[in-house]
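Here is the structure we will look at, set down as structure tokens.
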Amino acid sequence: MRDPAPALRDHLFDPSGGLTYQLRAFRYRRSLWSAFHATVAGWLGDWQPNARTLVIIGPNAGHALPAGFLERFEQVIALEPDPIARHLLARRPDARRLRFDHLDCLATPDGLAWLAARFSDAAFLFSNVLGQVAAPADSWSALLARHLQERNWASYHDVLSTTRAPDHHAPVRDAASVSLEALIAHFWTQGEITVTDHDTLHLGGGSPCGYAVWPITPARWQLVEWVVNQA
Ligand SMILES: C[S@@+](CC[C@H](N)C(=O)[O-])C[C@H]1O[C@@H](n2cnc3c(N)ncnc32)[C@H](O)[C@@H]1O
Numbered sequence: 028m029r030d031p032a033p034a035l036r037d038h039l040f041d042p043s044g045g046l047t048y049q050l051r052a053f054r055y056r057r058s059l060w061s062a063f064h065a066t067v068a069g070w071l072g073d074w075q076p077n078a079r080t081l082v083i084i085g086p087n088a089g090h091a092l093p094a095g096f097l098e099r100f101e102q103v104i105a106l107e108p109d110p111i112a113r114h115l116l117a118r119r120p121d122a123r124r125l126r127f128d129h130l131d132c133l134a135t136p137d138g139l140a141w142l143a144a145r146f147s148d149a150a151f152l153f154s155n156v157l158g159q160v161a162a163p164a165d166s167w168s169a170l171l172a173r174h175l176q177e178r179n180w181a182s183y184h185d186v187l188s189t190t191r192a193p194d195h196h197a198p199v200r201d202a203a204s205v206s207l208e209a210l211i212a213h214f215w216t217q218g219e220i221t222v223t224d225h226d227t228l229h230l231g232g233g234s235p236c237g238y239a240v241w242p243i244t245p246a247r248w249q250l251v252e253w254v255v256n257q258a
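With the sequence shown counted from 1, adding 27 to any position gets you my numbering.
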């Protein structure tokens, strides 16, 4: 690993966070986003990693984290470059054991190795970030397999985005090795659609995955994957 460790820089105008995301969250989190957040709450409720410390990568203000989630762990560490999001996250009622760290584990090929070494007893939650940030080498799937295979981690992340509303909304549970084409055909049953592929399908190798659709705005939909790696 190169020294020093890659450090997070504050960003307010990044497309994957920043002010635009904050404004969207305040506008939609109790309406357009609430069904997706209920699905995320179910995924997180089922995830019981054997760890006292949780590191959350990209929590933003915790808009998608159910009330009380942060209190399930003795210590919670957040890696979040948006200063407004950090301020809001720290004000959550369940954030009494929260602290922030400045490691940027997503910017360099050795970032996940730094993550594993700096937090040697922790479980990791990648909170809708791996589909937003391009992998700095190979793919996220290869980097996760290389550096975090022996660790407890979970991720929900965008797999694709599109402007067409899905025809079918119910989440998919425990799908193993399903293809992108089959997923598209499951949620969009009426004809062809144009998608942006985020190159994040099956981040956990062969582990079973969950899938749900998320209207990030009334005009843009994301297909989100949930995957768990058990050490
Ligand atoms: C799409 S938002 C998801 C926010 C939140 N987890 C949710 O589910 O609503 C992606 C988040 O990742 C954060 N982010 C971007 N680059 C990051 C990095 N290198 N390390 C950690 N977080 C990052 C952004 O600031 C933003 O808060």
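Virtual Cβ for every residue (Gly too), placed ideally from N, Cα, C.
Quick check: is any heavy atom of ligand 1 less than 8 Å from the C-beta of Asn179?
Here residue 179 refers to the residue found at position 152 when the sequence shown is read from its first residue. No.
Distance check for Thr80 and Gly237, CA to CA, integer angstroms please.
Walking along the sequence shown from the start, residue 237 turns up at place 210. Walking along the sequence shown from the start, residue 80 turns up at place 53. Their backbone Cα atoms lie some 24 Å apart in a straight line.
Around the C-beta of Asn87, are 16 or more other C-beta atoms found within 10 angstroms, so that it is buried, or is it exposed?
To locate residue 87, count along the sequence shown from 1; it is residue 60. Counting Cβ neighbours within 10 Å, Asn87 comes out buried, since at least 16 surround it.
Give the straight-line distance between the Cα atoms of Asp131 and Val186, rounded to the nearest whole angstrom.
In the sequence shown, the residue the question calls residue 131 occupies position 104. In the sequence shown, the residue the question calls residue 186 occupies position 159. One C-alpha to the other measures close to 22 Å.
DSSP three-state label for Gln176, please.
Mapped onto the sequence shown, residue 176 falls at position 149. In the structure shown, Gln176 sits in coil (DSSP, three-state: anything other than H, G, I, E or B).
Trp241, enclosing alpha helix (DSSP H) - first and last residue
Residue mapping note: residue 241 aligns to position 214 of the sequence shown, counting from 1. Per DSSP, Trp241 lies in no alpha helix (DSSP H); the unbroken beta strand (DSSP E) holding it starts and ends at Cys236 to Thr244.
Examine ligand 1 and report whether any of its heavy atoms sits within less than 8 Å of the Cβ of Gly69.
As a working mapping, residue 69 is identified with position 42 in the sequence shown. Checking the Cβ of Gly69 against ligand 1 gives no.
Drop a sphere of 10 angstroms on the beta-carbon of Pro76, count the other beta-carbons inside from all chains shown, and report buried for 16 or more, exposed for fewer.
Against the sequence shown, residue 76 aligns to sequence position 49. Buried, since its Cβ has 16 or more Cβ neighbours within 10 Å.
Cβ atoms of Trp60 and Ala91: under 9 Å apart, would you say?
As a working note, residue 91 is residue 64 in the sequence shown. As a working note, residue 60 is residue 33 in the sequence shown. Yes. Within cutoff.
Are the beta-carbon atoms of Val160 and Leu133 separated by less than 9 Å?
What you label residue 160 is simply residue 133 of the sequence shown in a count that begins at 1. What you label residue 133 is simply residue 106 of the sequence shown in a count that begins at 1. It is a contact, given that the beta carbons lie within the stated cut-off.
What residue from Leu175, Ala52, Ala202 and Arg118 has the CA that sits closest to Asp148's CA?
Counting from 1 along the sequence shown, the entry for residue 148 is found at position 121. Minimum Cα-Cα distance from Asp148 among the listed residues Leu175, Ala52, Ala202 and Arg118 corresponds to Leu175.
Ignoring anything shorter than 3 residues or poking outside the region 70 to 133, list the beta strand (DSSP E) runs there in chain order.
Counting only runs that start and end inside the region 70 to 133, the beta strand (DSSP E) elements of at least 3 residues fall at 80 to 84, 102 to 106 and 125 to 127.
Go ahead and pull the three-state DSSP assignment for Arg200.
Taking the first residue of the sequence shown as position 1, residue 200 is located at position 173. Looking at Arg200 - three-state DSSP - the assignment turns out to be strand.
Report all residues from its chain with a CB closer than 6 Å to the CB of Phe146; omit the five preceding and five following residues, and keep chain order.
Sequence index remark: in the sequence shown, residue 146 carries index 119 (1-based). Hits under 6 Å: Val82.
Answer with buried or exposed for Gly158, where buried requires no fewer than 16 other C-beta atoms within 10 angstroms of its C-beta.
Here residue 158 corresponds to residue number 131 of the sequence shown, with the count starting at 1. Per the 10 Å Cβ criterion, buried.
Should Tyr183 be listed as close to ligand 1, given that the test is whether its C-beta is under 8 Å from any heavy atom?
Looking up residue 183 in the sequence shown gives position 156. In this structure, Tyr183 has its beta carbon less than 8 Å from a heavy atom of ligand 1.
Three-state class that DSSP yields for Ser168 in the structure shown
In the sequence shown, residue 168 corresponds to position 141, counting from 1. Of the three classes helix, strand and coil, the one that applies to Ser168 here is helix, per DSSP.
Determine the closest residue to Phe100 out of Ile111, Arg124 and Pro110, with distance taken between C-alpha atoms.
Residue numbering aside, residue 100 sits at position 73 when the sequence shown is read from its first letter. Nearest to Phe100 by C-alpha distance, out of Ile111, Arg124 and Pro110, is Arg124.
Quick one: grab the DSSP three-state call for His195.
Here residue 195 corresponds to residue number 168 of the sequence shown, with the count starting at 1. Residue state, collapsed to three classes: coil.
So, with DSSP's three-state summary, where would you put Leu152?
Along the sequence shown, read from residue 1 onward, the residue named residue 152 stands at position 125. Taken through DSSP and simplified to helix, strand or coil, Leu152 comes out as strand.
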